[in-house]
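Right, one structure below, let's go through it.
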Amino acid sequence: MIKLIKNAKVYAPKYLGEKNILIAGDYIAAVEDTIELKANPDLIEVIDASGKLVFPGFIDGHVHILGGGGEGGYKTRTPEIMLSDLIVGGVTTVVGCLGTDGVTRNMESLIAKAKGLEEEGITTYVYTGSYRLPLKTLTDSVQKDLLMIDKIIGVGEIALSDHRSSSPTIDEFSRVCADARVGGILSGKAGLVNVHLGDGKEMLDYLFFMIRNTEIPASQFLPTHANRNRELYNEALVYAKEGGFIDFTTSTVPQFIEEGEVRASDAYVRGLDFGIEASHMTFTSDGQGSLPLFDKGGKLVGLDVGSVSSLYESVKELILQHEMKIEEALLPITKTPANILKLKNKGEISQGKDADLVFVDEVSYEITDVIAMGSVMMRDGEILKRGTFEK
Ligand SMILES: [Zn+2]
0 MIKLIKNAKV YAPKYLGEKN ILIAGDYIAA VEDTIELKAN PDLIEVIDAS
50 GKLVFPGFID GHVHILGGGG EGGYKTRTPE IMLSDLIVGG VTTVVGCLGT
100 DGVTRNMESL IAKAKGLEEE GITTYVYTGS YRLPLKTLTD SVQKDLLMID
150 KIIGVGEIAL SDHRSSSPTI DEFSRVCADA RVGGILSGKA GLVNVHLGDG
200 KEMLDYLFFM IRNTEIPASQ FLPTHANRNR ELYNEALVYA KEGGFIDFTT
250 STVPQFIEEG EVRASDAYVR GLDFGIEASH MTFTSDGQGS LPLFDKGGKL
300 VGLDVGSVSS LYESVKELIL QHEMKIEEAL LPITKTPANI LKLKNKGEIS
350 QGKDADLVFV DEVSYEITDV IAMGSVMMRD GEILKRGTFE K
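Numbered according to numbering that gives the first Met the number 0, the sequence shown spans residues 0 to 390.
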């Protein structure tokens, strides 16, 4: 099916002005000032984007698609994500991961969930492993997982500096990073090591060690939750200044902010002011993960579930509250993660890229339409394609 989008104000994420976008099947065939087609009109679906801005589909590089949590017993295991949770948030590419619980959740079911979401219409990848080292891989090694399983593009989320981590030694951690590095090179994938940073005292110590003392380049690591408290955030900025990449979590609850979490949008703006390049900072939602509240004694006192919609909400804060240019505000959820995750057909609107698009109202910036791999998933605020078991 051929789709022709007219009157689109296109942010690629760079602003291109008003363009026509031609979609052939699942990819973008052309982006031009005007496109006239002589084919039978029955074969072409024309979509009028008047009054709307068109962005690349969003990339969320850290989502507990299978559910996560469980820190308060079995009943606190969070539910699986549904297709529409992603669509309403404009997310067309997602990287799924396991978290604290790598026992009742495993790689087989994570990959099955990712494949299911892909059958439903979006693009999915996963990280191999969970919080713990030694890593529980799908095959017998990290390298084999990366080389043999298409969906696996990296390792994680490995917990460091957290009371829920496996307290890995630096040698254990280095070995996994080296395997991810080589597996990534051999498979042509990112082989990224996604690190969960907790509230512990060690903060980014292991990551500083890796980029200062080993041959593994800083581009191999993406520590997340770098905004979870002020001290950690300040250290993360120093780490990024030394060449590291850092990720800010957008899901939050008011109590976290009160207790010192740095809002993702504020973290991004202050990072830029500090001299960190935009290409070194990303947002992820931690969607469907648990947001456990522990008291000072480590006792669980509350629990919430992360939302994928927080990803674009944080970008809206950049645009509306921080008055950042749209083309800059889109970077942490489009072009930058596409580069870091080595997803060459994602994150930009240009000829040959996958047809993943998000339309927003040009006044309210609310998401109105979502196209994933050339299929219209949401139109004028109405979800057209729901998950298999969604009403
Ligand atoms: Zn985490």
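Here a beta-carbon is modelled for each residue, glycine too, at the ideal position from N, C-alpha and C.
From a predicted model like this one, the values you see are computed outputs, not experimental measurements.
- Bridge partners of residue 380 according to DSSP: none are assigned.
- Straight-line measurement puts the Cα of residue 35 at about 44 Å from the Cα of residue 65.
- Residue nearest to residue 359 within the set 352, 353, 367 is 367 (criterion: CA-CA distance).
- Counting C-beta pairs with one atom in each stretch, the segment 158 to 177 and the segment 104 to 113 have fewer than three that are closer than 8 Å, which means they do not touch.
- Taking every protein chain shown into account, the CB of residue 256 has fewer than 16 other CB atoms within 10 angstroms, so this residue is exposed.
- Note on geometry: alpha-carbon atoms of residue 267 and residue 37 lie some 46 Å from one another.
- Residue 232 and residue 202 have their C-alpha atoms some 9 Å from each other.
- Taking 8 Å as the cut-off, the beta carbon of residue 307 is found no closer than this to the beta carbon of residue 329.
- A Cβ-Cβ distance of about 6 Å is found for the pair residue 382 and residue 86, placing them in contact under the 8 Å criterion.
- Only exposed fits residue 295, as fewer than 16 other CB atoms lie within 10 angstroms of its CB.
- In this structure, residue 26 lies away from residue 346, with their beta-carbon atoms at least 8 Å apart.
- In this structure, residue 347 has its CB at a distance of at least 7 Å from all heavy atoms of ligand 1.
- Distance from the Cα of residue 290 is smallest, within the candidate group 258, 2, 331, 252, for 252.
- In this structure, residue 185 keeps its C-beta atom at 8 Å or more from the C-beta atom of residue 194.
- Counted as a single uninterrupted DSSP element, the beta strand (DSSP E) harbouring residue 280 occupies residues 280 to 283.
- Each residue's CA atom was taken as its position, placing residue 152 and residue 142 some 11 Å apart.
- A direct Cα-Cα distance of roughly 46 Å separates residue 17 from residue 214.
- Residue 275 and residue 51 have their C-alpha atoms some 31 Å from each other.
- Distance from the C-beta of residue 71 to the nearest heavy atom of ligand 1 is not below 7 Å.
- Counted as a single uninterrupted DSSP element, the stretch harbouring residue 252 is not any beta strand (DSSP E), since DSSP gives it neither H nor E.
- Of all C-beta pairs linking the segment 154 to 166 to the segment 95 to 104, three or more are shorter than 8 Å, placing the two stretches in contact.
- The continuous beta strand (DSSP E) containing residue 289 extends over residues 289 to 293.
- For residue 128, the shortest C-beta to heavy atom distance toward ligand 1 is 7 Å or greater.
- Close CB contacts of residue 6 within its chain, under the 7 Å cut and outside five residues either way in sequence, are with 17, 47, 48, 49 (chain order).
- Comparing C-alpha distances from residue 137 to each of 102, 120, 166, 161 shows the shortest one belongs to 102.
- Cα atoms of residue 128 and residue 106: separation of roughly 7 Å, rounded to the nearest angstrom.
- Relative to residue 312, the option among 250, 54, 230 whose CA is nearest is 250.
- Residue 95 has its CB no nearer than 7 Å to any heavy atom of ligand 1.
- When only Cα atoms are considered, residue 162 and residue 196 end up about 11 Å apart.
- For residue 13, same chain residues with a beta-carbon under 7 Å away, outside a window of 5 residues either side, are 326 in chain order.
- In this structure residue 220 is not in contact with residue 247, their Cβ atoms being roughly 15 Å apart against a cut-off of 8 Å.
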